[in-house]
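Visitor: So that we are looking at the same thing, I have put the structure below in structure tokens.
Pasting the structure below:
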């Protein structure tokens with residue numbers, strides 16, 4: 044685990060309202076909504092797929108906002124999807140390798156670290172999907188970023 048302040052980034056994103064119990068419906072499919080804008084030739088992808096959780100509290104039935112995003116640079120005028128700049132982000136980061144079922148345990152460790160060090164959660168969490176492998180989940184790589192004030 045490490046505390047970092049990440050620079051601002053421009054993202055192309057799709058927003059939805061959901062719950063943790065319903066997240067599986069978006070895995071492998073929701074990011075496809077962004078592909079037409081990415082294929083326009085006006086944008087360059089500058090990083091991995093982001094899932095940005097706003098207001099999630101770890102409970103399976105709590106409704107929150109989820110932005111599924113790709114960081115980009117270039118001419119964003121005329122994009123069919125939403126575009127915005129993510130501000131600089133101070134967070135605790137955690138590198139997870141393996142099946143998604145390990146994510147809950149990773150969050151337990153991260154929040155234990157946050158509260159044990161008297162840090163304050165900002166209400167925003169990001170997951171950056173560096174490697175997605177549905178056939179061999181032991182190859183999955185995700186960077187979890189939990190915002191702190």
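Residue numbers (the working numbering): 44 to 192.
All residues carry an ideal CB built from backbone N, CA and C; glycine is no exception.
As the structure is a computational prediction, the values presented were derived from the model and not from experiment.
Assign residue 68 to one of two classes, buried (16 or more other C-beta atoms within 10 Å of its C-beta) or exposed (fewer than that).
Guide: Locating residue 68 in the chain shown gives position 25, counting from the first residue. Residue 68 is exposed by the Cβ-count criterion.
Visitor: For the putative contact between residue 81 and residue 113, defined by C-beta atoms under 8 Å, what is the C-beta separation to the nearest angstrom?
Guide: Walking along the chain shown from the start, residue 81 turns up at place 38. Walking along the chain shown from the start, residue 113 turns up at place 70. Correct: roughly 7 Å between the Cβ atoms.
Visitor: Under a three-way DSSP split, which group does residue 43 fall into?
Guide: The structure shown does not extend to residue 43, since the chain is modelled only from 44 to 192, so the question has no answer here.
Visitor: Answer with buried or exposed for residue 137, where buried requires no fewer than 16 other C-beta atoms within 10 angstroms of its C-beta.
Guide: Within the chain shown, residue 137 is the residue found at index 94, counting from 1. The residue is buried, with at least 16 neighbouring Cβ atoms inside 10 Å.
Visitor: Using only the alpha-carbon positions, how far apart do residue 58 and residue 104 sit?
Guide: As a working note, residue 58 is residue 15 in the chain shown. As a working note, residue 104 is residue 61 in the chain shown. Using only the alpha carbons, I get a separation of about 18 Å.
Visitor: Would you check if the distance between the CB atom of residue 172 and the CB atom of residue 92 is smaller than 7 Å?
Guide: Here residue 172 refers to the residue found at position 129 of the chain shown. Here residue 92 refers to the residue found at position 49 of the chain shown. Against a cut-off of 7 Å, the Cβ pair of residue 92 and residue 172 comes out as a contact.
Visitor: In three-state terms, what does DSSP make of residue 176?
Guide: Against the chain shown, residue 176 aligns to sequence position 133. Coil, per DSSP.
Visitor: Given a cut-off of 7 Å on the beta-carbon distance, is the pair residue 48 and residue 131 in contact?
Guide: Taking the chain shown and counting its residues from 1, the one referred to as residue 48 is at position 5. Taking the chain shown and counting its residues from 1, the one referred to as residue 131 is at position 88. Yes. Within cutoff.
Visitor: Can you give me the start and stop residues for the alpha helix (DSSP H) that residue 149 sits inside?
Guide: Indexing the chain shown from 1 puts residue 149 at position 106. First-last of the alpha helix (DSSP H) with residue 149: 146–159.
Visitor: In its own chain, which residues sit with a C-beta less than 6 Å from the C-beta of residue 63, not counting the 5 before and 5 after it?
Guide: Position 20 of the chain shown holds residue 63. Same-chain partners within the cutoff: 103.
Visitor: Please return the same chain residues whose Cβ sits closer than 6 Å to the Cβ of residue 133, not counting the five positions on each side in sequence.
Guide: Locating residue 133 in the chain shown gives position 90, counting from the first residue. Cβ neighbours of residue 133 beyond the five flanking positions: 48 and 191.
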